[in-house]
Amino acid sequence: MSTNSSLVSQINKSRIPEHIAIIMDGNGRWAQKRHMPRTVGHAKGAAGVKALVECCAKRGVKYLTLFAFSTENWQRPEDEVSTLMGMFVQYLEREMPSLAASGVRLKVIGDISVFGPELQARIRAAEELTASNSEITLVVAANYGGQWDIVQSFKNWYATHPTANLNELTAKQLEPYLSTAGIPDVDLLIRTGGEQRVSNFLLWQLAYAELYFTDVLWPEFDQLQLDLALRWYSSRDRRFGKIKTC
Ligand code: IPE
Ligand code: IPE
Ligand code: MG
Numbered sequence: 001m002s003t004n005s006s007l008v009s010q011i012n013k014s015r016i017p018e019h020i021a022i023i024m025d026g027n028g029r030w031a032q033k034r035h036m037p038r039t040v041g042h043a044k045g046a047a048g049v050k051a052l053v054e055c056c057a058k059r060g061v062k063y064l065t066l067f068a069f070s071t072e073n074w075q076r077p078e079d080e081v082s083t084l085m086g087m088f089v090q091y092l093e094r095e096m097p098s099l100a101a102s103g104v105r106l107k108v109i110g111d112i113s114v115f116g117p118e119l120q121a122r123i124r125a126a127e128e129l130t131a132s133n134s135e136i137t138l139v140v141a142a143n144y145g146g147q148w149d150i151v152q153s154f155k156n157w158y159a160t161h162p163t164a165n166l167n168e169l170t171a172k173q174l175e176p177y178l179s180t181a182g183i184p185d186v187d188l189l190i191r192t193g194g195e196q197r198v199s200n201f202l203l204w205q206l207a208y209a210e211l212y213f214t215d216v217l218w219p220e221f222d223q224l225q226l227d228l229a230l231r232w233y234s235s236r237d238r239r240f241g242k243i244k245t246c
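Taking the working numbering, the leading residue of the sequence shown gets 1, the next gets one more, and so forth.
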């Protein structure tokens with residue numbers, strides 16, 4: 001992985017995002033540019049994830065959420081969907097032991113009830129294996145949609161408060177029912193692959209995120225690219241509706 005010490009020195013270390021979310025886009029185009037099947041791009045994209053998680057931990061990021069499969073991605077050709085599912089199973093089997101050894105805690109968000117029993121069991125096993133790790137939390141969004149998350153949070157809140165007065169419902173009351181309960185909102189959203197949209201990712205949790213779009217395709221997003229995003233983020237003035245104080 002390429003890195004650059006003068007670039008790293010330009011990152012304001014007191015302004016490292018606590019939570020980075022990434023829309024890992026551009027795998028298919030990366031492969032097609034090389035006249036290879038799209039699935040080769042997915043494999044190449046997945047191969048870089050472990051190093052990136054470790055770089056984030058090294059820079060002091062505490063939560064990294066990766067968009068692996070959206071509720072809309074079921075509309076892709078069947079063979080692409082099944083390859084992606086197969087890769088997810090393999091990834092949990094091959095990479096989790098070493099990620100676990102590096103202190104990574106895994107959490108999967110999304111409606112995993114539609115996945116096969118083998119995949120569901122592997123997800124639960126990997127979450128349990130890493131539950132007490134604290135270097136960084138890796139959140140993988142699989143069969144995830146931001147609209148789904150908001151709707152399911154409301155349903156779960158309502159199931160536990162059947163007699164509550166809806167007029168008194170607040171955002172703070174719903175938050176513990178979101179799939180990201182206990183995880184701070186996103187500070188920095190990175191989208192690779194050139195598109196400038198959120199594609200139904202963490203709609204609620206992105207409320208005050210800084211948005212970083214890059215043309216770099218996901219299989220080429222390395223430590224250098226991460227540091228460029230961190231440098232950009234560290235120069236942002238986050239006002240949260242207030243006015244600049246200095
Ligand atoms: C992102 O890459 C990976 C997933 C959505 C699973 P794409 O497969 O969307 O790649 P492009 O956008 O077609 O290049
Ligand atoms: C977003 O990428 C989903 C993931 C990265 C998992 P897409 O490639 O599916 O997004 P759109 O359809 O171009 O917006
Ligand atoms: Mg895409």
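We treat Cβ as the ideally placed atom computed from N, Cα and C, and that holds for glycine. As the structure is a prediction and not an experimental result, all values here were calculated from the model.
Thinking just about the alpha-carbon of each residue, which of the options is nearest to the one in residue i?
i      : options                           : result
Gln147 : Thr137, Leu202 and Arg191         : Leu202
Pro219 : Asp25, Glu195, Ser5 and Asp237    : Asp25
Tyr63  : Glu118, Thr160, Glu18 and Met87   : Glu18
Asn235 : Ser102, Leu106, Arg15 and Val61   : Looking at the sequence shown, residue 235 is not Asn but Ser. Ranking the options by Cα distance to Ser235, first place goes to Arg15.
Leu66  : Phe240, Arg122, Glu168 and Thr192 : Thr192
Gln173 : Leu188, Asn156 and Arg38          : Asn156
Glu135 : Thr71, Gln75 and Lys58            : Lys58
Leu138 : Phe221, Leu99 and Pro162          : Leu99
Gly182 : Thr163, Gln205, Ile190 and Thr160 : Gln205
Leu129 : Gln225, Asp185 and Ser102         : Ser102
Pro77  : Thr180, Leu230 and Pro37          : Pro37
Ala46  : Gln32, His35, Arg34 and Gly28     : Gly28
Tyr177 : Ala159, Tyr208 and Ala207         : Ala159
Ala125 : Val114, Ser9 and Lys107           : Lys107
Asp227 : Gln196, Val198, Leu188 and Lys244 : Leu188
Val114 : Leu224, Trp74 and Ala164          : Trp74
Gln90  : Val61, Gln120 and Ser70           : Gln120
Ser6   : Arg231, Phe240, Arg238 and Val186 : Arg231
Asp185 : Asn167, Phe240, Thr71 and Gln10   : Phe240
Ile150 : Ile190, Asn200 and Leu92          : Asn200
Phe154 : Tyr208, Ala142 and Ser179         : Ser179
Lys50  : Lys33, Leu92, Gln32 and Val81     : Leu92
Ala229 : Tyr208, Gln152, Glu127 and Cys56  : Cys56
Asn4   : Asp79, Glu195 and Asp222          : Asp222
Using a Cβ cut-off of 7 Å (strictly closer), state whether residue i contacts chain C.
i      : result
Phe221 : No chain C appears in this structure, which consists of one protein chain only.
Quick one: does the C-beta of residue i sit closer than 6 Å to a heavy atom of ligand 3?
i     : result
Asp25 : yes
Which residues does DSSP pair with residue i in a beta bridge?
i      : result
His161 : Looking at the DSSP assignment, His161 forms no beta bridge with any residue, so it has no partner.
Val53  : DSSP lists no partner for Val53.
Ala142 : Phe69
Thr137 : Tyr63 and Arg105
Glu210 : Leu188
Ile22  : Leu66 and Ile190
When you measure from the CB of residue i to every non-hydrogen atom of ligand 2, does any distance come out below 6 Å?
i      : result
Ser70  : yes
Phe67  : yes
Ser199 : yes
With residue i and residue j assumed to form a contact (beta carbons below 8 Å), what rounded beta-carbon distance in angstroms separates them?
i      : j      : result
Tyr144 : Gly116 : Contact flag wrong, Cβ pair sits at about 17 Å.
Val61  : Ile20  : 5 Å
Val104 : Val53  : 6 Å
Lys44  : Trp30  : 7 Å
Sorry if obvious, but does the Cβ on residue i come closer than 6 Å to a heavy atom of ligand 1?
i      : result
Arg236 : no
Arg29  : yes
Gly193 : yes
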